[in-house]
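Undergrad: Mapping the sequence shown onto full-length UniProt numbering, position 57 (from 1) lands on 57, and the numbers just tick up by one. Here a beta-carbon is modelled for each residue, glycine too, at the ideal position from N, C-alpha and C. After the structure tokens below, expect a handful of questions from me.
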Amino acid sequence: MSHVADRLARLLESRALSSEQVAAQLGWPHEELQRFVAPENRQSMIAVRWSPSPEMESAVEKLLVRHQLETAAAHVKRSLRRVTVASSSATLRHAHSMAHHDNRTLEWSATGGSSHRKRKRKTFVKPLPEFTRPRRPATSVDTLCPVRIDVDVDGVHFQDTLLINSADSTATAESIAAQIARDERLTDSVQETKGPRPINPFIMYCQIQKDVFMKSKLRRSAAESRKIMGDMWRKMTDEEKEHYAKLTEVENEKRRREHVFDMRDRAIAEWEEDEARRLGMIGSSSYETTTEHVRGVLLANYINERHEVDMNRPTQDIEAEADDENGEHEEDEDDQ
1 MSHVADRLAR
11 LLESRALSSE
21 QVAAQLGWPH
31 EELQRFVAPE
41 NRQSMIAVRW
51 SPSPEMESAV
61 EKLLVRHQLE
71 TAAAHVKRSL
81 RRVTVASSSA
91 TLRHAHSMAH
101 HDNRTLEWSA
111 TGGSSHRKRK
121 RKTFVKPLPE
131 FTRPRRPATS
141 VDTLCPVRID
151 VDVDGVHFQD
161 TLLINSADST
171 ATAESIAAQI
181 ARDERLTDSV
191 QETKGPRPIN
201 PFIMYCQIQK
211 DVFMKSKLRR
221 SAAESRKIMG
231 DMWRKMTDEE
241 KEHYAKLTEV
251 ENEKRRREHV
261 FDMRDRAIAE
271 WEEDEARRLG
281 MIGSSSYETT
291 TEHVRGVLLA
301 NYINERHEVD
311 MNRPTQDIEA
321 EADDENGEHE
331 EDEDDQ
């Protein structure tokens, strides 16, 4: 206890803190703080009469640590301020000396110089930047070769220009053509498997109102029609827009199902074409190559394969399955 009380007393003396301020920081009554730091209570022989609780000692320890941190932070701040002031003053002195040197040089050159002595060369050290940014070698315009390509994005056809560096050893005509063909194949595969783009309620409203505008006698441009329909849509209430939102959900679901069916039919058609090519029915003069005939042949082959599989099954397996079915049927009757 005496050690903590001595440290608190030294803090009060060194910082010139008032006892009321420290008591407020500790949350103690003023009399309790006076009793804690009293010299007679800090003596070991009389400390037995009154001893503080562990909570009081812990609170004093926290207060002392907080003041130590504040002292360290103030010391660091003063050191940084001293370094900053020193560097700024050195910079100002350097600039001032440079300005005076330039003035003296100008004055000496204006007078023409009164002495024939050889002047000493002076070296001026200029500060370098913090880092030098690497410079990329500029590509000459003569080495850039424009290549025009046709692009198809979501059904929109347009032309694009690629700037190829002809100085590059890998930029050959074959590699460029292969890259363009590979990109086109990837684009086509993505477009084939890509689902239909969903529509929003405003597009559904425009599709319904389009028939009304077409039947009207007034001829308007597409921009005027879109502007009028946009104004009408903004003036509609939420209840009226809810009707078109429901129609939009139905239309999007319908388009999604149609896309699934189209993908299924396309996969079936590709399988039929591969099977017909495997059987030699495509391009053959002895076989009829109509779609109905090919499908009939494939269906017959499928049925024959299933029949052969059923005929090749062992008799024991068939009898075992029949016994299992009879046993299950009897168990169901017993349960009933």
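Per DSSP, what kind of secondary structure is T161 in: helix, strand or coil?
TA: Here T161 sits in strand by DSSP.
Undergrad: Which residues bound the alpha helix (DSSP H) around V37?
TA: V37 -> no alpha helix (DSSP H), and no H or E assigned at all.
Undergrad: If you follow the alpha helix (DSSP H) that P201 is in, where does it begin and where does it stop?
TA: P201 to K215 is the extent of the alpha helix (DSSP H) around P201.
Undergrad: Are the beta-carbon atoms of V65 and V4 separated by less than 7 angstroms?
TA: No; because the gap between Cβ atoms is not below 7 angstroms, this pair is not in contact.
Undergrad: Residue range of the alpha helix (DSSP H) that S225 falls in?
TA: From DSSP, the alpha helix (DSSP H) with S225 extends over A222 to K235.
Undergrad: Rounded to whole angstroms, what's the CA-CA distance from S221 to I228? Just pull it up for me.
TA: Cα-Cα distance, rounded: 11 angstroms.
Undergrad: Using only the alpha-carbon positions, how far apart do M45 and A72 sit?
TA: Unreliable positioning characterises M45 in this predicted model, as indicated by a pLDDT of 40, which lies under 50. A coordinate reading is not provided.
Undergrad: Roughly how many whole angstroms lie between the Cα atoms of R295 and D265?
TA: Each residue's alpha carbon lies about 13 angstroms from the other.
Undergrad: How long is the line joining the alpha carbons of T105 and R81, rounded to whole angstroms?
TA: For T105, the pLDDT reaches just 49, beneath the cut-off of 50, and the residue's location in the model is therefore unreliable, leaving the point undetermined.
Undergrad: Write down the C-beta distance between V37 and L69 rounded to the nearest angstrom, noting that I regard them as a contact closer than 8 angstroms.
TA: The pair is not a contact, with the Cβ atoms about 22 angstroms apart (cut-off 8 angstroms).
Undergrad: Just curious, the alpha helix (DSSP H) that K241 is in, first and last residue?
TA: Here the alpha helix (DSSP H) through K241 covers D238 to R278.
Undergrad: Nearest to R255 by alpha carbon, out of L299, P196, A23 and R277?
TA: Taking only the C-alpha atoms, the option nearest R255 is P196.
Undergrad: Suppose you measure from the CA of K62 to the CA of T123; what does that come to, to the nearest Å?
TA: Distance between the alpha carbons of K62 and T123: 59 angstroms.
Undergrad: Comparing alpha-carbon positions, which option in K241, N301, R257 and D262 lies nearest A276?
TA: Among K241, N301, R257 and D262, the Cα nearest to that of A276 is on N301.
Undergrad: F213 and W233 look like a contact to me (Cβ under 8 angstroms); what is the Cβ gap, rounded to whole Å?
TA: That belief does not hold up - the Cβ atoms of F213 and W233 are roughly 14 angstroms apart, past 8 angstroms.
Undergrad: Could you tell me which residues DSSP puts in a beta bridge with D6?
TA: DSSP, once it has assigned bridges, lists no residue as partnering D6.
Undergrad: Alpha carbon to alpha carbon, how far is V48 from E57?
TA: Residue confidence is low: V48 scores 49 on pLDDT, short of 50, so the model does not pin down where it sits. Its coordinate-derived value is still stated next. Looking at the two C-alpha atoms, the distance is approximately 16 angstroms.
Undergrad: Is R182 helix, strand or coil by DSSP?
TA: Three-state result, R182: helix.
Undergrad: Helix, strand or coil: which one does DSSP assign to P54?
TA: In the structure shown, P54 sits in a helix (DSSP, three-state: H, G or I).
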